[in-house]
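*Asks:* Counting from 8, one number per residue, gives the positions in the sequence shown under the numbering used here.
Glycine included, every Cβ here is placed at the ideal spot set by N, Cα and C.
This one's a predicted model, so the numbers in the text were calculated from it and none came from an experiment.
Provided herewith is a single structure, encoded as structure tokens, for subsequent inquiry.
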Amino acid sequence: MQKQALRRLKLLEHQILGIKVNNTSSQQKLKDENGNYQTIDLLYREGRNKLDWFKEKGWGFKDTEFVIDDKTGKVGLTGDRYVFSGKLMPDFRTWAESKIGIDIDKIAVAQKAMDVDPPTFNEEFLDSLDYNFSRISFDDKERMMHSHGHCLQDVFSLRYGKFKRFVDCVIYPGSTKHVQKIVELANENNVVIVPYGGGTNVTQALELPDDETRMIISLDMTRMNKIKWVDRANMTACIESGIIGSDLNRELEKYDVVLGHEPDSLEFSSLGGWISTKASGMKKNEYGNIEDIVQAITIVTPTGTFERYNQCPRVSHGPELNHFILGSEGNLGVITECVLRVREVPEAKVYGSIVFPDFDSGTKFMREVGRSKIWPASIRLVDNLQFQFAVALKPESDSRWQTILDKIKKFYVLKIKGFDQESMCACTLVFEGTKEKTDKQQTFIYKLAKEYHGMKAGPENGIRGYFLTFVIAYLRDFACNHNYIAESFEASVPWDKMDKLCYNVKDRVYASARNKGVQGFVFVSCRVTQVYETGCTIYVYFGFSLEGLKDPLHAYEEVEHDARDEILRCGGALSHHHGVGKIRKSFMDEVVGETGIRMLRSVKSELDPKSIMGSRNLFDP
């Protein structure tokens with residue numbers, strides 16, 4: 008009788024929260040008539056199960072991928088979600104085959120399905136849950152999806168291998184109270200928790216320790232996706248951590264405010280993930296990095312809940328406790344909600360682009376922009392190889408006039424201005440804010456560009472460059488389909504070390520790839536993606552064919568490790584915004600020092616003495 012009363016109270020609580028209750032499922036028991044644990048879905052939120060729309064063996068929406076058109080042999084993008092969707096790129100195949108060594112005729116067939124190991128159960132924990140969740144799943148595909156992120160190692164295993172360890176079940180909490188109860192029970196019963204947001208990390212942060220014998224649960228936060236309140240007087244908002252970036256933007260529009268935080272993974276990554284990795288967005292110049300936006304964080308740890316919100320703009324209450332949580336990568340607890348700074352919807356949004364005769368001219372321009380502090384919301388400089396890459400991806404035009412106009416523009420740039428197509432590079436721009444502010448920024452930026460022989464290249468290229476960001480990962484999957492590995496990584500670096508870093512890392516990647524037996528062309532490219540007064544953020548892209556490699560994944564891992572080592576040698580950071588995870592964990596002693604590691608371990612052991620927050624990112628407990 009008491010258990011039935013508690014269940015009725017749970018259902019009443021769910022209804023008070025404004026969540027639709029599935030009355031049929033709510034009568035289900037966690038075990039079926041044969042004594043087997045079964046999936047229960049108590050609550051419905053807006054949206055579907057991720058398995059319904061996200062690819063199982065790669066990145067993004069199931070309806071979107073780069074393919075070879077059967078009739079023309081050209082590369083095209085399926086679906087209707089992006090600027091390039093439903094269009095063919097007539098020049099891309101020829102360029103990719105001749106410039107970066109992809110053999111389009113070579114097809115690498117992925118495995119049909121991965122073998123998923125049977126789960127480990129802690130019955131005392133499961134039997135104590137008593138409906139303190141929105142959904143609990145034991146489905147093998149769901150367990151597999153929650154056992155990986157989206158770095159190349161993850162994708163390679165999805166296509167050709169097997170994960171060493173899988174989560175044993177997936178639990179979706181519906182409130183902070185649910186999380187508190189789940190964490191309390193996990194701590195009592197020695198069950199491991201790995202928080203899950205969008206699953207978009209590229210650091211193996213979700214890779215599970217293969218020596219972990221305890222039950223592992225993935226705590227999927229995506230049903231905690233509400234905006235709890237917006238305070239327009241103080242321009243703050245309280246938001247649950249499971250909300251996905253694109254949903255957050257759409258919901259904030261209803262209040263006529265914006266967050267402005269737009270990482271490359273915006274469509275799929277979560278607010279909690281941004282905080283856990285100490286993320287940065289494309290428009291950080293206008294809106295700040297995540298640490299500039301966060302005002303307060305609620306985190307449930309195994310030894311208690313931390314939640315403090317002071318509306319004052321700044322306080323001096325000792326060390327900033329939020330900074331223990333920012334970048335903690337799931338080690339300390341489960342982030343459930345936070346208070347963020349929001350802005351008015353910008354009056355103006357203007358795209359732009361500039362072409363420079365060479366990368367050296369472009370980097371000098373970027374350095375002066377950084378020093379000036381007159382920054383567009385987003386400013387990115389790509390080297391010649393990436394410039395050619397972007398040009399090759401240009402969709403064919405339906406307009407004969409547009410085709411003629413493009414030829415005239417090309418003639419002007421190459422023949423009249425004297426730019427060399429094999430050395431020129433491009434800068435893409437986004438200006439946001441008041442019209443007065445964006446007008447002043449544009450005047451300054453384009454005037455400065457002329458001093459470095461830059462030429463204004465129009466808003467269309469700016470728009471294409473900005474939205475190309477969202478299809479890069481689809482291109483990586485396309486490369487995998489054709490027996491080619493491609494990946495990117497990032498770092499920040501002081502201005503005076505930027506040139507050396509770019510050149511040395513390229514040379515190190517070339518040399519390392521050759522040393523590992525890579526044949527054919529090695530693709531290496533750099534771009535400057537963000538500016539600061541004291542330095543910038545660099546992205547490095549590299550790729551090569553798998554042809555002739557006995558262990559291609561191991562070869563890739565060693566090349567990436569060598570490149571990261573070279574970045575540190577040149578004075579760059581281990582990471583600017585992707586975080587450490589497990590890929591870069593071996594470098595942590597070097598970058599934070601022995602005392603720093605002891606400080607991190609001390610916080611971990613105090614908040615989580617049993618180490619039930621078991622991701623083991625950053626450092627070993």
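Can you give me the C-alpha to C-alpha distance between ILE574 and HIS568, rounded to a whole angstrom?
*Replies:* Working through the sequence shown from its first residue, we reach residue 574 at position 567. Working through the sequence shown from its first residue, we reach residue 568 at position 561. Roughly 10 Å separates the two Cα atoms.
*Asks:* Return the first residue and the last residue of the beta strand (DSSP E) that CYS533 is part of.
*Replies:* Position 526 of the sequence shown, counted from the first residue, corresponds to residue 533. Counting along the chain, the beta strand (DSSP E) containing CYS533 begins and ends at 530 to 538.
*Asks:* Which full runs of the alpha helix (DSSP H) of 4+ residues lie inside the segment 446 to 476, going along the chain?
*Replies:* Entirely contained in the segment 446 to 476, the alpha helix (DSSP H) runs reaching 4 residues are, in chain order, 466 to 475.
*Asks:* Nearest to GLU613 by CA position, among LYS592, THR310, PRO466, SER277, is which residue?
*Replies:* Within the sequence shown, numbered from 1, the residue matching residue 613 stands at position 606. Closest option to GLU613, Cα to Cα, is THR310.
*Asks:* Can you round the beta-carbon distance between GLY288 and GLU269 to whole angstroms, since I take them to be within the 8 Å contact cut?
*Replies:* Position 281 of the sequence shown, counting from 1, holds the residue named residue 288. Position 262 of the sequence shown, counting from 1, holds the residue named residue 269. That belief holds up - the Cβ atoms of GLY288 and GLU269 are roughly 4 Å apart, short of 8 Å.
*Asks:* Could you pull the DSSP bridge partners for MET431 from this structure?
*Replies:* The sequence position of residue 431 within the sequence shown is 424, counting from 1. For MET431, which the question treats as bridged, DSSP gives no partner whatsoever.
*Asks:* In the DSSP assignment, find the alpha helix (DSSP H) that holds ASP161 and state where it starts and stops.
*Replies:* Locating residue 161 in the sequence shown gives position 154, where the first residue counts as 1. Residues 159 to 167.
*Asks:* If you drop the 5 nearest sequence neighbours on each side, which residues of the same chain put their C-beta closer than 6 Å to that of LYS235?
*Replies:* The count along the sequence shown starts at 1 and reaches residue 235 at position 228. These residues qualify, in order along the chain: CYS245.
*Asks:* Could you tell me which residues DSSP pairs with TYR481 in its beta bridges?
*Replies:* Residue numbering aside, residue 481 sits at position 474 when the sequence shown is read from its first letter. Looking at the DSSP assignment, TYR481 forms no beta bridge with any residue, so it has no partner.
*Asks:* Where SER272 and THR207 are concerned, what is the direct C-alpha to C-alpha distance, given to the nearest angstrom?
*Replies:* What you label residue 272 is simply residue 265 of the sequence shown in a count that begins at 1. What you label residue 207 is simply residue 200 of the sequence shown in a count that begins at 1. Their Cα atoms are separated by approximately 7 Å.
*Asks:* Counting C-beta neighbours from all protein chains within 10 Å, is the total for LYS589 16 or more, i.e. buried, or is it exposed?
*Replies:* The sequence position of residue 589 within the sequence shown is 582, counting from 1. Its Cβ being crowded by 16 or more others within 10 Å, LYS589 is buried.
*Asks:* Looking at VAL610: is its Cβ nearer than 8 Å to the Cβ of PHE331?
*Replies:* Along the sequence shown, read from residue 1 onward, the residue named residue 610 stands at position 603. Along the sequence shown, read from residue 1 onward, the residue named residue 331 stands at position 324. Yes. Within cutoff.
*Asks:* Does the distance from the CB of GLU540 to the CB of GLY440 come in under 8 Å?
*Replies:* For this step, residue 540 is matched to residue 533 along the sequence shown. For this step, residue 440 is matched to residue 433 along the sequence shown. The answer is no: Cβ separation not under 8 Å.
*Asks:* Out of curiosity, what's the CA-to-CA distance linking PHE485 and GLY579?
*Replies:* Taking the first residue of the sequence shown as 1, we reach residue 485 at position 478. Taking the first residue of the sequence shown as 1, we reach residue 579 at position 572. In a straight line, the C-alpha of PHE485 is about 30 Å away from that of GLY579.
*Asks:* Thinking C-alpha only, which one of THR210, ALA103, GLU601, ILE75 is nearest HIS584?
*Replies:* If you number the sequence shown from 1, residue 584 lands on position 577. The option with the nearest alpha carbon to HIS584 is THR210.
*Asks:* Whose C-alpha, out of ASP124, SER248, ALA303, ARG230, is nearest the C-alpha of ASP217?
*Replies:* Position 210 of the sequence shown holds residue 217. It is ASP124 whose Cα lies nearest to the Cα of ASP217.
*Asks:* Using the Cβ count rule (16 or more neighbours within 10 Å means buried), how would you classify THR31?
*Replies:* As a working note, residue 31 is residue 24 in the sequence shown. Only weak support exists for where THR31 lies, its pLDDT of 43 falling under 50; the value from the coordinates is given anyway. With fewer than 16 Cβ atoms within 10 Å of its Cβ, THR31 is classed as exposed.
*Asks:* Would you kindly work out how many angstroms separate the C-alpha atoms of SER622 and PRO364, rounded to a whole number?
*Replies:* Here residue 622 refers to the residue found at position 615 of the sequence shown. Here residue 364 refers to the residue found at position 357 of the sequence shown. Cα to Cα, SER622 sits roughly 47 Å from PRO364.
*Asks:* Does VAL341 come out as helix, strand or coil in the three-state DSSP assignment?
*Replies:* The count along the sequence shown starts at 1 and reaches residue 341 at position 334. VAL341: strand per DSSP, three-state reduction.
*Asks:* Within the chosen definition, does the segment 448 to 464 reach the segment 61 to 76 through at least 3 CB pairs nearer than 8 Å?
*Replies:* The segment 448 to 464 is not in contact with the segment 61 to 76.
*Asks:* Using the Cα positions of TYR563 and ALA518, report the straight-line distance between them to the nearest angstrom.
*Replies:* Here the question's residue 563 lines up with position 556 in the sequence shown. Here the question's residue 518 lines up with position 511 in the sequence shown. Taking the straight line from one Cα to the other gives about 13 Å.
*Asks:* Check the C-beta distance from THR46 over to PHE145 and give it rounded, since I have them as a contact under 8 Å.
*Replies:* Taking the first residue of the sequence shown as 1, we reach residue 46 at position 39. Taking the first residue of the sequence shown as 1, we reach residue 145 at position 138. Confirmed, Cβ separation roughly 6 Å.
*Asks:* From the DSSP secondary-structure annotation, give me the bridge partner or partners of ILE47.
*Replies:* For this step, residue 47 is matched to residue 40 along the sequence shown. Answer is ILE143.
*Asks:* Just tell me which of VAL90, THR79, TYR44, ASP48 has its CA closest to the CA of GLY469.
*Replies:* Stepping through the sequence shown from its first residue, residue 469 is reached at position 462. Nearest option by C-alpha distance: VAL90.
*Asks:* What is the residue span of the beta strand (DSSP E) that VAL82 lies within?
*Replies:* Reading the sequence shown from its first residue, position 75 is the one you call residue 82. Counting along the chain, the beta strand (DSSP E) containing VAL82 begins and ends at 82 to 84.
*Asks:* Closest to LYS504 by C-alpha separation, out of CYS577, LYS113, ALA493, ALA193, would be which residue?
*Replies:* Translated into positions along the sequence shown, residue 504 becomes position 497. The option with the nearest alpha carbon to LYS504 is CYS577.
*Asks:* Using alpha carbons as the reference points, say which of ALA498, TYR491, ALA433, VAL512 lies closest to GLN473.
*Replies:* Here residue 473 refers to the residue found at position 466 when the sequence shown is read from its first residue. First, the amino acid is wrong: residue 473 is Tyr here, not Gln. Ranking ALA498, TYR491, ALA433, VAL512 by Cα distance to TYR473 puts ALA433 first.
*Asks:* So is PRO320 buried or exposed if we call it buried at 16+ other beta carbons inside 10 Å?
*Replies:* The count along the sequence shown starts at 1 and reaches residue 320 at position 313. Exposed, because fewer than 16 other Cβ atoms sit within 10 Å of the Cβ of PRO320.
*Asks:* For the alpha helix (DSSP H) containing THR79, list its first residue and its last residue.
*Replies:* Here residue 79 refers to the residue found at position 72 when the sequence shown is read from its first residue. Counting along the chain, THR79 falls outside any alpha helix (DSSP H), and DSSP gives it neither H nor E.
*Asks:* How about LEU278 and CYS176: do their beta carbons lie closer than 8 Å?
*Replies:* Translated into positions along the sequence shown, residue 278 becomes position 271. Translated into positions along the sequence shown, residue 176 becomes position 169. No, these two residues do not count as a Cβ contact at 8 Å.
*Asks:* Pairing CB atoms from the segment 383 to 393 with CB atoms from the segment 481 to 496, are three or more of them under 8 Å?
*Replies:* These segments do not touch.
*Asks:* Under the rule that 16 or more other beta-carbon atoms within 10 Å means buried, what is HIS324, buried or exposed?
*Replies:* Translated into positions along the sequence shown, residue 324 becomes position 317. With fewer than 16 other Cβ atoms within 10 Å, it is exposed.
*Asks:* Measure from the alpha carbon of ALA456 to the alpha carbon of each residue in THR243, PRO126, TRP102, PHE372, then state which is nearest.
*Replies:* One-based indexing of the sequence shown puts residue 456 at position 449. Ranking THR243, PRO126, TRP102, PHE372 by Cα distance to ALA456 puts PHE372 first.
*Asks:* Between ASN511, ARG605, GLU554, which has its C-alpha nearest ASP572's C-alpha?
*Replies:* Counted from its first residue, the sequence shown places residue 572 at position 565. Nearest option by C-alpha distance: ASN511.
*Asks:* Roughly how many angstroms lie between the CA atoms of SER33 and VAL190, to the nearest whole one?
*Replies:* Taking the sequence shown and counting its residues from 1, the one referred to as residue 33 is at position 26. Taking the sequence shown and counting its residues from 1, the one referred to as residue 190 is at position 183. Caution is warranted here: a pLDDT of 47 is assigned to SER33, below 50, making its placement in the model unreliable, and the coordinate value is therefore given only provisionally. Whole-angstrom Cα-Cα distance: 22 Å.
*Asks:* Give the straight-line distance between the Cα atoms of LYS81 and LYS148, rounded to the nearest whole angstrom.
*Replies:* As a working mapping, residue 81 is identified with position 74 in the sequence shown. As a working mapping, residue 148 is identified with position 141 in the sequence shown. C-alpha separation (whole angstroms): 33 Å.
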